[in-house]
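Chains as they are written, first to last, in this note's numbering: chain A, 15 to 239; chain B, 15 to 239.
C-beta: ideal position from N, C-alpha, C; glycine also.
From a predicted model like this one, the values you see are computed outputs, not experimental measurements.
One structure below.
Protein chains: 2
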Amino acid sequence: MTISKTNRLSLVEQVVSQIESLIESGEWKIGNQIPPEMDLIQQFDVSRNTLREAVRSLVYAGLLVTKQGKGTFVRSSSALGAAIERRIQQSSILETLEVRHALEREGAQLAALRRNQEDIEQLRFHISACSRAAEAKDIKAYEEADIQLHKSIMVSSHNDLLIDLYEHMEYSLHESIHQIVEMSSDVNFHLNIHCKLVDSIIEQDVNRAIETVNEYIAQFKKSLE
Amino acid sequence: MTISKTNRLSLVEQVVSQIESLIESGEWKIGNQIPPEMDLIQQFDVSRNTLREAVRSLVYAGLLVTKQGKGTFVRSSSALGAAIERRIQQSSILETLEVRHALEREGAQLAALRRNQEDIEQLRFHISACSRAAEAKDIKAYEEADIQLHKSIMVSSHNDLLIDLYEHMEYSLHESIHQIVEMSSDVNFHLNIHCKLVDSIIEQDVNRAIETVNEYIAQFKKSLE
DNA sequence: GGTTATTTGTTCGTATGTATC
DNA sequence: AGATACATACGAACAAATAAC
Chain A
15 MTISKTNRLS LVEQVVSQIE SLIESGEWKI GNQIPPEMDL IQQFDVSRNT
65 LREAVRSLVY AGLLVTKQGK GTFVRSSSAL GAAIERRIQQ SSILETLEVR
115 HALEREGAQL AALRRNQEDI EQLRFHISAC SRAAEAKDIK AYEEADIQLH
165 KSIMVSSHND LLIDLYEHME YSLHESIHQI VEMSSDVNFH LNIHCKLVDS
215 IIEQDVNRAI ETVNEYIAQF KKSLE
Chain B
15 MTISKTNRLS LVEQVVSQIE SLIESGEWKI GNQIPPEMDL IQQFDVSRNT
65 LREAVRSLVY AGLLVTKQGK GTFVRSSSAL GAAIERRIQQ SSILETLEVR
115 HALEREGAQL AALRRNQEDI EQLRFHISAC SRAAEAKDIK AYEEADIQLH
165 KSIMVSSHND LLIDLYEHME YSLHESIHQI VEMSSDVNFH LNIHCKLVDS
215 IIEQDVNRAI ETVNEYIAQF KKSLE
C-alpha cells in the first residue's frame, strides 16, 4: 500500500488549526494579546505541553510572538511573511530584484486592466506624496512614499495572492530599495518614471505600463553594477 | 526607549536554529530519518519538551515530518513550500494562474538571456518527452513532462530565488495544470506553443520568449471562462 | 524600591499509542 | 504474540521576566 493515508490529526495539529481559525476570522486581532496559557488549556482541553507545542509552531511560522512575563500576541494573519523573509535573506540583491520585477510587471499589467475609481484616487495620492518628498529632498519620506505607491499599484491589480506575496516581500525589499534610491543619484528620474507608470495605469495603457516597469527595473539593474 | 532590543534567543529557538543548520548544510539529508528524541536531548542538552517544541515548529513549517512509532524525517530544506501551499489553497485558479504568469514570464526572459549548453540539452530533452507523450495520447505522462519542462525553463533562469518560488508553487500548480490541460481540447496547440517557447530561449530571442508565455497564459485564461 | 501576582520558559517523571521485527 | 523503539500526551514543579501595587 503506497497510499498515504491521512493520519488522524494529532492533538497539537488540532489546536494549531483552531488557533489559525481564530486569527483568520479576526476573533484574535493583530497586535492583541491572546488569553494566557492556563485559559487556553481549559478552552481547548489539552495539557500545557500540547498547547505550548501548538503556540510554538505558530510563533515560528510568524503568526504569534511570545514575550516572557507579558504574554503572547498576534503578529500576522499569514505564515507567508516569515517564510519569505527567511528565504530572501539568503538571496542576492539581484535575485530579489528580478523576483520583484516579476511581481511588479504582472501587478502593473493587471492594475492597468482593473483599476477602479478608488484605486485611481489612491495612486494619485501616493504619487503626489512622492513628489512632495522629492521636492523637499527628504530621502526618508521619499522611500516611504515610494513603498506605499508600489503597494497601491499592487492593490489595484485586485489579485489577493499577488498582493500578499508582494506585501510580504516588501519588508525585505525595504533594504534593497534604500540601497537603490541611494545609488541613483538622480531622484527626478526615479520620480518621473513612476509618474509615467501611474499615468499608464490610469489611462489603461497596458503595454506602456509594462514597458515602464521594465524600464526602471533595467535602470536599477544597471546601477547595481 | 522604543528600541526593540533583540531578546536573547530562547532555548527552543536555539535548538530550531541548530536543526535548520543541520538540514541546510545537508548533514541531515532530505528523506532521511533524524536521530530519536532521546539522542537529540543529549546532543542539544535540553529537556524533552523543549526539544519537542522545536521539532514541532519545524514540522509545522514543513521541514520535518514525524511518524508516530517510526521516527522523524527530513521533508524539505525550506519552509517556503508549506507556507505557499497553505496560501494558494485559499486562492482561486485565476489568481494562481496570474502569479504563475508573473514567475514564468520573468523566468523565460532570464532563461533566454542566460541559458547555457547544459540548459539547452535539458530543454530539448523535456520538450521531446512532451512530444512523445502527446503522440501516444498519454495525458498523464504529458502533464508530468510539461511540469518538468517548465521547471527546466526556470532552472535556465539561474535565479535561485525564482526557481525556489516556482518549484514550491509547482506542487499546488499540479491541480490547476491538470484542469487546464483537460479543458484545452487541443493538445497540439499546447505542445506547439511550448516548442516555440523553448526555441525562443535557445535562440536567445528574449521578446519572442516573453510573448510566447503571454500567449499561452492568455489561452489558459480564456479556457477558464 | 521592594514585594507579590501573572505569565511564559524549562525540566522531570510517567503512561499510552503505534510501528517494526 | 511478545519485545523493542519511537512518538504522543498528561501533570507537577521550579525558574525567569514583567507588571502592578
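- Item | Test: B:H115 CB closer than 8 Å to a CB of chain A | yes
- Message: Which residue wins for smallest C-alpha separation from B:V201, given the options B:F58, B:Q57, B:A147?
- Response: B:A147
- Closest by C-alpha distance to B:F234, when choosing among B:E109, B:W42, B:I102, B:Q47: B:E109
- Thinking B:G48 and B:L77 are a contact (beta carbons under 8 Å), I'd like their distance in whole angstroms, please. Going by the sequence as given, residue 48 of chain B is Ile instead of Gly. Between B:L77 and B:I48 the Cβ distance is about 10 Å, and since that is not below 8 Å, they are no contact.
- Query: When the Cβ atoms of the stretch 132-139 of chain A are set against those of the stretch 176-191 of chain A, are three or more pairs found closer than 8 Å?
  - Reply: In this structure the stretch 132-139 of chain A does not lie against the stretch 176-191 of chain A, because fewer than three pairs of beta carbons, one per stretch, are closer than 8 Å.
- Assign A:V79 to one of three DSSP states: helix, strand, or coil. strand
- At a cut of 8 Å, does the stretch 122-129 of chain B reach the stretch 78-93 of chain B through at least three beta carbon pairs? Verdict: no, contact absent.
- Thinking just about the alpha-carbon of each residue, which of B:S35, B:V60, B:S61, B:S105 is nearest to the one in B:L72? B:S35
- Message: Taking the alpha-carbon of B:N173 as reference, which of A:V113, A:H208, A:R101, A:E225 has the nearest alpha-carbon?
- Response: A:V113
- Starting from B:L124, find everything on chain A with Cβ-Cβ shorter than 7 Å and list it in chain order. E112
- Evaluate the contact criterion for the stretch 204-217 of chain A versus the stretch 155-174 of chain A: three or more CB pairs, one atom per stretch, below 8 Å. In this structure the stretch 204-217 of chain A lies against the stretch 155-174 of chain A, because at least three pairs of beta carbons, one per stretch, are closer than 8 Å.
- Task: Spatial neighbours of A:E118 within its chain, please: CB distance less than 6 Å, with the 5 preceding and 5 following residues excluded, ordered by chain position.
- Result: Excluding positions up to five away in sequence, the list reads V227.
- Task: Following the continuous beta strand (DSSP E) through A:G40, name the residue where it begins and the one where it ends.
- Result: It is not in any beta strand (DSSP E) - A:G40 carries neither H nor E in the DSSP assignment.
- Neighbour flag for A:A97 against chain B, beta carbons, 8 Å: In terms of beta-carbon proximity, A:A97 lines the interface with chain B, with at least one pair separated by less than 8 Å.
- Since A:G85 sits in a beta bridge, which residues does DSSP pair it with? A:K81
- Query: When DSSP labels each residue in this structure, what does A:Q104 get in the three-state scheme?
  - Reply: coil
- Local Cβ density within 10 Å of B:H204, reported as buried at 16 or more and exposed below that: buried
- CA-CA distance, B:L23 and A:V88? Their backbone Cα atoms lie some 19 Å apart in a straight line.
- Task: Excluding the 5 residues preceding and the 5 following B:T20 in the sequence, name in chain order all residues of the same chain whose CB lies nearer than 8 Å to its CB.
- Result: With a pLDDT of only 46 at B:T20, under 50, the local geometry of the prediction cannot be trusted, and the value read off the model is given with reservation. Same-chain partners within the cutoff: there are none.
- Query: Identify the residues that DSSP records as bridge partners of A:Q47: which are they?
  - Reply: A:F87
- Hey, out of A:V169, A:M168, A:S145, A:R66, whose CA is closest to A:A159's CA? A:S145
- Message: With a threshold of 8 Å between beta carbons, is B:Y74 in contact with chain A?
- Response: Interface residue, yes.
- Query: Along chain A, which residues have their Cβ under 8 Å away from the Cβ of B:L176?
  - Reply: E109, E112, V113, A116
- Query: Terminal residues of the continuous alpha helix (DSSP H) containing A:K154?
  - Reply: Bounds of the alpha helix (DSSP H) holding A:K154 are 153-170.
- Would you identify the three-state DSSP class for A:N173, choosing helix, strand or coil? The DSSP-derived three-state label of A:N173 is coil.
- Alpha carbon to alpha carbon, what distance is there between A:A116 and B:G121? Each residue's Cα considered, the two are about 8 Å apart.
- Identify the contact partners of A:R119 in chain B, using a Cβ-Cβ distance below 9 Å as the criterion. Simply A116, R119, E120.
- Message: Output needed in chain order: residues of the stretch 77-106 of chain A with a Cβ under 9 Å from some Cβ in chain B.
- Response: Listed by position along the chain: T80, K81, Q82, S92, A93, L94, G95, A96, A97, I98, R100, R101, I102, Q104, S105, S106.
- C-alpha distance - A:I215 paired with A:I134, whole-angstrom precision: 9 Å
- Helix, strand or coil: which one does DSSP assign to A:N221? Helix, per DSSP.
- Pull up the CB-CB distance for A:H192 and A:E157, whole angstroms please, since I reckon it's below 8 Å. 6 Å
- Based on Cα-Cα distance, which residue from A:N46, A:S237, A:E132 lies nearest to A:K84? A:N46
- Give the straight-line distance between the Cα atoms of B:A97 and A:A75, rounded to the nearest whole angstrom. 8 Å
- Task: Taking C-beta pairs closer than 7 Å, name the residues in chain B that A:R70 reaches, listed in chain order.
- Result: V26, E67, R70, S71
- Which one of B:D152, B:Q131, B:L65 has the shortest CA to CA distance from B:S31? Checking every option, the nearest Cα to that of B:S31 belongs to B:L65.
- Query: Is A:A232 closer than 8 Å to A:Q123 when the C-beta atoms are compared?
  - Reply: no
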